[in-house]
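Novice: One structure coming up, written as structure tokens, with questions to follow.
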Amino acid sequence: MNLKTFKHGIHPLYCKELTARKEIERAPIPKTVTVPLQQHLGTPCQPLVKKGDVVEEGQKIGDVVTFVTAPVHSPISGKVKDIERYPYPVGGKVLSVVIESNEEVKEWPENNTGLDMDLITPQSIRDAVREAGIVGMGGAAFPTHVKLSPPKDKKIDTVIMNGCECEPFLTSDHSLMLEFPEKVLWGMKVIMKAVNAQKGDRGIEENKLDAINIIQEVVRDISPEIEVVPLETKYPQGAEKMLIKATLNRDVPMGKLPLDVGVVVNNVGTAAAIYDALKFKKPLIERIVTVSGNGLTEPKNLILRIGTSFKEAIENCGGMIEGGERVVINGGPMMGVAQTDLDVPVIKATSGITVLTGDEIKPKIYHPCIKCAGCVEACPVNLMPYRLGDLARLSRVDEFKRWGGLSCVECGCCSFVCPARRPLVQWIRVGKVKLREEDKPGSA
Amino acid sequence: MDKSREGKVKGRRQTGECMKEKEKVPVSANKTDESIVERFVVSSSPHLLKDINIPKIMHTVVIALAPAMVVSIYFFGISALILILTCIISSIATEAFFQRLRKRPITVYDGSAIITGILLALTLPPSFPVLGAVLGSVFAIAIGKQFFGGLGYNIFNPALLGRAFLQATYPVLITTWSKSLAGSGIDVVAAATPLALMKFDGEMTPYLDMFFGNISGSLGETSVLAIIVGGLYLRYKGYINWRLPLGYLGAIFFFGAIFWLFNPSKYPAPLFHLLAGGAMLGAWFMVTDMVTSPVTPLGQWIFVIGAGILVVIIRLFGGLPEGVMYSILLMNSIVPLLDKWTRPRIFGEVR
Ligand code: SF4
Ligand code: SF4
Chain A
1 MNLKTFKHGI HPLYCKELTA RKEIERAPIP KTVTVPLQQH LGTPCQPLVK
51 KGDVVEEGQK IGDVVTFVTA PVHSPISGKV KDIERYPYPV GGKVLSVVIE
101 SNEEVKEWPE NNTGLDMDLI TPQSIRDAVR EAGIVGMGGA AFPTHVKLSP
151 PKDKKIDTVI MNGCECEPFL TSDHSLMLEF PEKVLWGMKV IMKAVNAQKG
201 DRGIEENKLD AINIIQEVVR DISPEIEVVP LETKYPQGAE KMLIKATLNR
251 DVPMGKLPLD VGVVVNNVGT AAAIYDALKF KKPLIERIVT VSGNGLTEPK
301 NLILRIGTSF KEAIENCGGM IEGGERVVIN GGPMMGVAQT DLDVPVIKAT
351 SGITVLTGDE IKPKIYHPCI KCAGCVEACP VNLMPYRLGD LARLSRVDEF
401 KRWGGLSCVE CGCCSFVCPA RRPLVQWIRV GKVKLREEDK PGSA
Chain H
1 MDKSREGKVK GRRQTGECMK EKEKVPVSAN KTDESIVERF VVSSSPHLLK
51 DINIPKIMHT VVIALAPAMV VSIYFFGISA LILILTCIIS SIATEAFFQR
101 LRKRPITVYD GSAIITGILL ALTLPPSFPV LGAVLGSVFA IAIGKQFFGG
151 LGYNIFNPAL LGRAFLQATY PVLITTWSKS LAGSGIDVVA AATPLALMKF
201 DGEMTPYLDM FFGNISGSLG ETSVLAIIVG GLYLRYKGYI NWRLPLGYLG
251 AIFFFGAIFW LFNPSKYPAP LFHLLAGGAM LGAWFMVTDM VTSPVTPLGQ
301 WIFVIGAGIL VVIIRLFGGL PEGVMYSILL MNSIVPLLDK WTRPRIFGEV
351 R
């Protein structure tokens, strides 16, 4: 097979066999959920409920009147116990609604029969997607209806579905494609209609051959205009710009967006959510989460309600294995955020929870750079990470900027390959913060 | 990314080896500046790292040098063994001494001092005095490495710097080679190297002898075969890039060929250039030294092609028969600049 890919990048051990062949399981309804009012990039929502209110599953509980935002809905039926700032899995605290379950469960219809495409218009799609609170579910959490509203002067010719899932351990998108391929494809057709694109491409990495086959079959049945593009397995293939390079061989210029080259990229999970929203008016209140890692008793692919605590999700997988230090990560090990508090909730963009322990935990000591060129060869954006890291540490922000520090996509390839164990991305992140502070007018 | 590596990744994935125990890193702390980062950073992804570290790389290089060492002991006998051991021990001792002096963690077990010792020994003639070998090792580590700040900060290849120092201190002894007489029962006898024979007497040595190492020369420079075996092993392990050895040898070959085509009776054939002297050792183990070679693809090309051209110029027109050492040292000096000038085009950047 002639597989497409981008330049550079790395081949981590994927460890996906822990969950790749496991069927998706539906977790029991949690007793309480903590629903952050901002689970997206953009303006935070205002609460629409008060302490003590009774809410129903799927009821909107937070919204705000601006364009770049996404409303949140109650994932369970019950009573509002608290509205306060709670820890958030991407860092810091966010105003959240705590709901206690009354054990009532609403039945959402489940079928994959498809949609009558003639009945919907681009505007009705955008409205439905916004109302359902759908955001990019691969990790970026950008409100999807914004992505589906390209400016008039930008012609979109291709929609790409991102089925790469290049993070080690994670298999939530993979199992979604295996078990609900129709949902994904109908969602994709809807997206194509919304942005008026003629062509659809789906990028799937070749380590998910079964998914490629299934999707190809379904494509033949319902939408032959979609092309399935098998890609070489490589990290970070799932990064938007890398994916566009790999599938279409188009370079997104620095500081520009995919829509500047006529492309809209969406994650397969997002597409499935769009289908549910249009077909059943079902808001985004649950998602598939891969709970995996060598620190877990029984790794699984779970359907979890938004707001379920990490603790409960882990307990649903038999808990953590005994002893030693652990790292619990929101997302996968390459780009995920390590947690200090297991009460943090699953949010719309939580594609996985990874628990690492023992020897998988990386050493904290680092050594001098031996100029092995490993990081330079790994960087998908062609930066010189070893130098950027040093410039950031020395606060030489002007040089940091000149050497392209702001183009870093924080994929972590450089730190991954470094034999001296230098935390390069960490330094580069700090460098970006320093640069922004310096650029702010009026700050000393 | 090449297919061979891809295959390996797949193989390991299928066997589910990801939970395999990682090797412990036998290196003590250098420094951690948590204080700087903690203020801003809430996370420190990636949480998973490749199974690689400095000692692992260095020890692989030592293994890759083993064939050349074995062959040198086979051809030159016990004197070769003594020289190699002397250089290794004095390199390690010097490194430890300076790290203690500078109150740095002692990292002599990371293998880099061993490599310097071996490489220095391999560039010495078998009859070289042991005291001289000690002096060369001390200089290589003290001035070549620790003076610049230790591993990673040195500009010049320490072993070559040590060898250059010995060339200045023992100009006669370092060019007194002996012919290997393995199995003949006689001890080594003095003889000129193929390069010296070519340069001063216009005499050529059979290629096959040069390939297997049955010639006179420095310990590790005689057997082209042993060096290539080690070099290919390093490439297989993924620790060196094709660009460096092949670019270097290619440049020597083509530049040598120009002169040869111009006047075949006066200048040696390009193949001779490749097989003679330290060209192979330099190509596989010296221009590939990570610390002292450029990190960018373009920089690496300039580095090795420049060095290759210098070898031919020094060999043909300089006062010395051999040019590998100076060619690499000279190019080492501009590596920091090369890294600066040859920054790759950033993805999506319009220049
Ligand atoms: S410098 Fe940034 S973009 Fe490049 S490898 Fe490192 S984290 Fe990724
Ligand atoms: S990977 Fe590490 S040791 Fe190698 S050049 Fe980059 S920072 Fe230096």
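So the sequences go chain by chain: A and H. The working numbering applies: residue 1 is where the first sequence begins, and numbers increase by one. The working numbering applies: residue 1 is where the second sequence begins, and numbers increase by one. Cβ coordinates follow ideal geometry from the N, Cα and C atoms, glycine included.
#1: Identify which residue in A:Val-54, A:Leu-231, A:Leu-383 has its Cα closest to the Cα of Cys-413 (chain A).
#2: Starting from the beta carbon of Val-291 (chain H), find every residue of chain A whose beta carbon is closer than 7 Å, and list them in chain order.
#3: Taking the alpha carbon of Leu-435 (chain A) as the point to measure from, which residue in A:Val-397, A:Ile-428, A:Trp-427 has its own alpha carbon closest?
#4: Just to confirm, are Leu-219 (chain H) and Ala-80 (chain H) a CB contact at a threshold of 8 Å?
#5: Roughly how many angstroms lie between the CA atoms of Leu-296 (chain A) and Arg-305 (chain A), to the nearest whole one?
#6: Comparing alpha-carbon positions, which option in A:Thr-34, A:Ile-24, A:Gly-9, A:Thr-5 lies nearest Thr-343 (chain A)?
#7: List, in order along the chain, the chain H residues whose C-beta lies closer than 8 Å to that of Asp-251 (chain A)?
#8: Which same chain residues, not among the five before or five after Trp-499 (chain A), have their C-beta less than 7 Å away from its C-beta?
#9: Roughly how many whole angstroms lie between the Cα atoms of Pro-294 (chain H) and Met-286 (chain H)?
#10: Can you list, in chain order, the residues of its chain whose CB lies under 8 Å from that of Glu-438 (chain A), leaving out five sequence neighbours each side?
#11: Counting C-beta neighbours from all protein chains within 10 Å, is the total for Val-376 (chain A) 16 or more, i.e. buried, or is it exposed?
#12: Compile a chain-ordered list of the residues in the region 291–319 of chain H whose CB is closer than 7 Å to at least one CB of chain A.
#13: Between A:Ala-378, A:Met-117, A:Leu-176, which has its C-alpha nearest Phe-347 (chain H)'s C-alpha?
#14: So, for Pro-336 (chain H): in the same chain, excluding its five sequence neighbours on each side, which residues have a beta-carbon less than 8 Å away from its beta-carbon?
#15: Would you mind telling me which residues of chain A sit closer than 8 Å to Gly-247 (chain H), beta carbon to beta carbon, in chain order?
#16: Ignore the nearest five residues each way along the sequence and tell me which others in Ala-159 (chain H)'s own chain have a CB closer than 6 Å to its CB.
#17: Tell me whether Val-335 (chain H), by its Cβ, gets closer than 7 Å to a heavy atom of ligand 2.
#18: Evaluate contact between the region 83–92 of chain H and the region 242–254 of chain H, counting only Cβ atoms and requiring at least three cross-stretch pairs below 8 Å.
#19: Tell me which residues share the same chain as Leu-329 (chain H) and place their Cβ nearer than 8 Å to its Cβ, disregarding the 5 neighbours each side in the sequence.
#20: Tell me, please, whether the CB atom of Pro-46 (chain H) is closer than 8 Å to any CB atom in chain A?
#21: Check this for me: beta carbons of Leu-48 (chain A) and Gly-62 (chain A), under 8 Å apart or not?
#22: Going by beta carbon distance, what residues of the same chain come within less than 7 Å of Trp-301 (chain H), once the five residues before and after it are set aside?
#23: Applying a beta-carbon distance threshold of less than 7 Å, which residues of chain H neighbour His-73 (chain A)?
#24: Taking three-plus beta-carbon pairs below 8 Å as touching, is the region 78–93 of chain A in contact with the region 314–322 of chain A?
#25: Nearest CA to the CA of Tyr-86 (chain A): which residue from A:Asp-276, A:Gly-307, A:Gln-123, A:His-174?
#26: Can we count Val-425 (chain A) as close to ligand 1, meaning its CB is less than 7 Å from some heavy atom?
#27: Out of A:Cys-418, A:Lys-311, A:Gln-38, A:Asp-251, point me to the one whose CA is closest to Ile-365 (chain A)'s CA.
#28: Could you tell me which chain H residues have their CB closer than 7 Å to the CB of Ile-329 (chain A), listed as they occur along the chain?
#29: If you measure from each residue's Cβ to the nearest non-hydrogen atom of ligand 2, which ones come out under 7 Å, in chain order?
#30: Using a Cβ-Cβ cut-off of 8 Å, state whether Ser-407 (chain A) counts as contacting chain H.
#31: Leaving out five residues before and five after Lys-7 (chain A) in sequence, what residues of the same chain have Cβ atoms less than 6 Å from its Cβ?
#32: At what residue ranges does the region 198–273 of chain H contain a whole run of the alpha helix (DSSP H), taking only runs of 4 or more?
#33: Note down the Cα distance separating Gly-238 (chain A) from Gly-217 (chain H), rounded to an integer number of angstroms.
#34: For the structure I just gave you, are there three or more beta carbon pairs, one from the region 270–286 of chain H and one from the region 223–238 of chain H, closer than 8 Å?
#35: Near Gly-318 (chain A), which residues of its chain fall below 8 Å by C-beta distance, leaving aside the five closest residues on each side in sequence?
#36: State yes or no: is the C-beta of Gly-374 (chain A) within less than 8 Å of the C-beta of Pro-168 (chain A)?
Specialist: So, from the data block:
#1: As a working mapping, residue 413 (chain A) is identified with position 413 in the first sequence. With distances taken between Cα atoms, Cys-413 (chain A) lies closest to A:Leu-383.
#2: The residue you call residue 291 (chain H) lines up with position 291 of the second sequence. Neighbours of Val-291 (chain H) on chain A, chain order: Ile-370, Lys-371.
#3: One-based indexing of the first sequence puts residue 435 (chain A) at position 435. Comparing Cα positions, the closest option is A:Val-397.
#4: Taking the first residue of the second sequence as 1, we reach residue 219 (chain H) at position 219. Taking the first residue of the second sequence as 1, we reach residue 80 (chain H) at position 80. The answer is yes: Cβ separation under 8 Å.
#5: Locating residue 296 (chain A) in the first sequence gives position 296, where the first residue counts as 1. Locating residue 305 (chain A) in the first sequence gives position 305, where the first residue counts as 1. Whole-angstrom Cα-Cα distance: 20 Å.
#6: Taking the first residue of the first sequence as 1, we reach residue 343 (chain A) at position 343. In the sequence as displayed, the identity of residue 343 (chain A) is Asp instead of Thr. For the residues A:Thr-34, A:Ile-24, A:Gly-9, A:Thr-5, the minimum Cα distance to Asp-343 (chain A) belongs to A:Thr-34.
#7: For this step, residue 251 (chain A) is matched to residue 251 along the first sequence. Correct list: Phe-347, Gly-348.
#8: There is no way to answer for residue 499 (chain A), as the model of chain A reaches only from 1 to 444.
#9: Here residue 294 (chain H) corresponds to residue number 294 of the second sequence, with the count starting at 1. Here residue 286 (chain H) corresponds to residue number 286 of the second sequence, with the count starting at 1. For Pro-294 (chain H) and Met-286 (chain H), the distance between alpha carbons rounds to 13 Å.
#10: Locating residue 438 (chain A) in the first sequence gives position 438, counting from the first residue. Here the set comprises Val-397.
#11: Taking the first residue of the first sequence as 1, we reach residue 376 (chain A) at position 376. When all chains shown are included, Val-376 (chain A) counts as buried.
#12: Val-291, Val-295, Thr-296
#13: Stepping through the second sequence from its first residue, residue 347 (chain H) is reached at position 347. Answer by Cα proximity: A:Ala-378.
#14: To locate residue 336 (chain H), count along the second sequence from 1; it is residue 336. Same-chain partners within the cutoff: Ile-155.
#15: Position 247 of the second sequence holds residue 247 (chain H). Residues of chain A passing the Cβ test: none, with the nearest at roughly 14 Å.
#16: Translated into the one-based positions of the second sequence, residue 159 (chain H) becomes position 159. When the five nearest sequence neighbours on each side are left out, the beta carbons in the same chain lying within less than 6 Å of the beta carbon of Ala-159 (chain H) are those of Thr-116, Leu-119, Leu-120, Ala-140, in order along the chain.
#17: Here residue 335 (chain H) corresponds to residue number 335 of the second sequence, with the count starting at 1. Not under cutoff, so the answer is no.
#18: no
#19: Indexing the second sequence from 1 puts residue 329 (chain H) at position 329. The answer, listed in chain order, is Phe-156, Asn-157, Leu-160, Leu-161, Ala-164.
#20: Within the second sequence, the letter at position 46 stands for residue 46 (chain H). Yes, because at least one Cβ of chain A sits closer than 8 Å to the Cβ of Pro-46 (chain H).
#21: Counting from 1 along the first sequence, the entry for residue 48 (chain A) is found at position 48. Counting from 1 along the first sequence, the entry for residue 62 (chain A) is found at position 62. Going by C-beta atoms, Leu-48 (chain A) is nearer than 8 Å to Gly-62 (chain A).
#22: Along the second sequence, one-based indexing puts residue 301 (chain H) at 301. Around Trp-301 (chain H): Arg-243, Gly-247.
#23: Start at 1 with the first residue of the first sequence, and residue 73 (chain A) comes out as number 73. For His-73 (chain A), none of the residues of chain H pass the 7 Å Cβ criterion, the least Cβ distance being about 27 Å.
#24: no
#25: As a position in the first sequence, residue 86 (chain A) is number 86, starting the count at 1. Residue A:Gly-307 is the option with its Cα nearest to Tyr-86 (chain A).
#26: Locating residue 425 (chain A) in the first sequence gives position 425, counting from the first residue. Yes - ligand 1 has a heavy atom lying nearer than 7 Å to the Cβ of Val-425 (chain A).
#27: Here the question's residue 365 (chain A) lines up with position 365 in the first sequence. The shortest Cα separation from Ile-365 (chain A) among A:Cys-418, A:Lys-311, A:Gln-38, A:Asp-251 belongs to A:Cys-418.
#28: Within the first sequence, residue 329 (chain A) is the residue found at index 329, counting from 1. Per Cβ cutoff of 7 Å: His-47.
#29: A:Cys-369, A:Ile-370, A:Lys-371, A:Cys-372, A:Ala-373, A:Gly-374, A:Cys-375, A:Val-376, A:Pro-385, A:Tyr-386, A:Gly-389, A:Cys-414, A:Val-417, A:Cys-418, A:Pro-419, A:Ala-420, A:Arg-422, A:Leu-424, H:Val-295
#30: Position 407 of the first sequence, counted from the start, is the residue given in the question as residue 407 (chain A). For Ser-407 (chain A), the answer is yes, since a Cβ of chain H falls inside 8 Å of its Cβ.
#31: As a working note, residue 7 (chain A) is residue 7 in the first sequence. Correct list: empty, nothing qualifies.
#32: Taken in chain order, the complete alpha helix (DSSP H) segments of 4 residues or longer contained in the region 198–273 of chain H are 207–212, 224–237, 243–262.
#33: On the first sequence, residue 238 (chain A) is found 238 positions in, with the first residue counted as 1. On the second sequence, residue 217 (chain H) is found 217 positions in, with the first residue counted as 1. Spanning the two alpha carbons is a distance of roughly 54 Å.
#34: Counting Cβ pairs under 8 Å, three or more are found: they touch.
#35: Within the first sequence, numbered from 1, the residue matching residue 318 (chain A) stands at position 318. Excluding positions up to five away in sequence, the list reads Leu-296, Thr-297, Glu-298.
#36: Taking the first residue of the first sequence as 1, we reach residue 374 (chain A) at position 374. Taking the first residue of the first sequence as 1, we reach residue 168 (chain A) at position 168. In terms of Cβ geometry, Gly-374 (chain A) and Pro-168 (chain A) do not form a close pair [threshold 8 Å].
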